[in-house]
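Read through the structure below, which is laid out as structure tokens, and then see the notes.
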Amino acid sequence: MVTFTIFAMFCLLSVFLHALLISGFGFLKALYNVAGNISKIMSVATMLTIFEEGIDIMFQRIRDTLKKERDIKAESKAEGKAEAYREMAEWNSRRLAAEARGEKFTEPPPGAPLNR
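My numbering puts the first residue of the sequence shown at 5, with every later residue one more than the last.
Have a look at this one:
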């Protein structure tokens with residue numbers, strides 16, 4: 005509502021100043037010019053408001069989408085680190101158990117490249 009008021013006042017003032025200064029009308033004739041064109045002025049203010057609000061909504065959706073993507077990436081990264089830690093802990097417990105039994109442990113650590 006504030007945006008419409010600002011645009012409407014801007015359009016009213018623009019038409020009034022145009023009639024007063026550029027067209028050379030007197031003060032009262034400039035006011036009559038504004039009154040005669042009020043429907044056009046309100047239509048322009050309405051269209052400017054719709055345009056501005058549409059842009060605002062579009063950018064808000066872009067910001068929301070980017071925030072969701074950042075959150076998903078951060079969550080995925082945390083899950084990946086937890087998974088890697090869990091795999092390494094399981095591998096280490098198998099290695100320690102094999103050493104305790106006196107067996108040779110040949111399993112490569114998780115994430116290590118395989119020699120082919």
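The beta-carbon is built from N, C-alpha and C at its ideal position, and this holds for glycine as well.
query: Alpha carbon to alpha carbon, what distance is there between Leu32 and Phe11?; result: 23 Å
query: How many angstroms separate the CA atom of Leu16 from the CA atom of Ser80?; result: 54 Å
query: Are the Cβ atoms of Thr9 and Thr53 separated by less than 7 Å?; result: no
query: Phe109 lies in the alpha helix (DSSP H); which residues open and close that run?; result: It is not in any alpha helix (DSSP H) - Phe109 carries neither H nor E in the DSSP assignment.
query: Let me confirm a value: Ile26 is counted as buried when at least 16 other C-beta atoms fall within 10 Å, else exposed. Which label applies?; result: exposed
query: Among Ala102, Trp95, Met13 and Arg98, whose alpha-carbon lies nearest the alpha-carbon of Met46?; result: Met13
query: Can you tell me which of the three DSSP states Asn41 falls into?; result: coil
query: Decide yes or no for the touch test of the region 57-76 against the region 35-43: beta carbon pairs closer than 8 Å, at least 3 of them.; result: no
query: For Ala86, is the classification buried or exposed, using 16 other Cβ atoms within 10 angstroms of its Cβ as the cut-off for buried?; result: exposed
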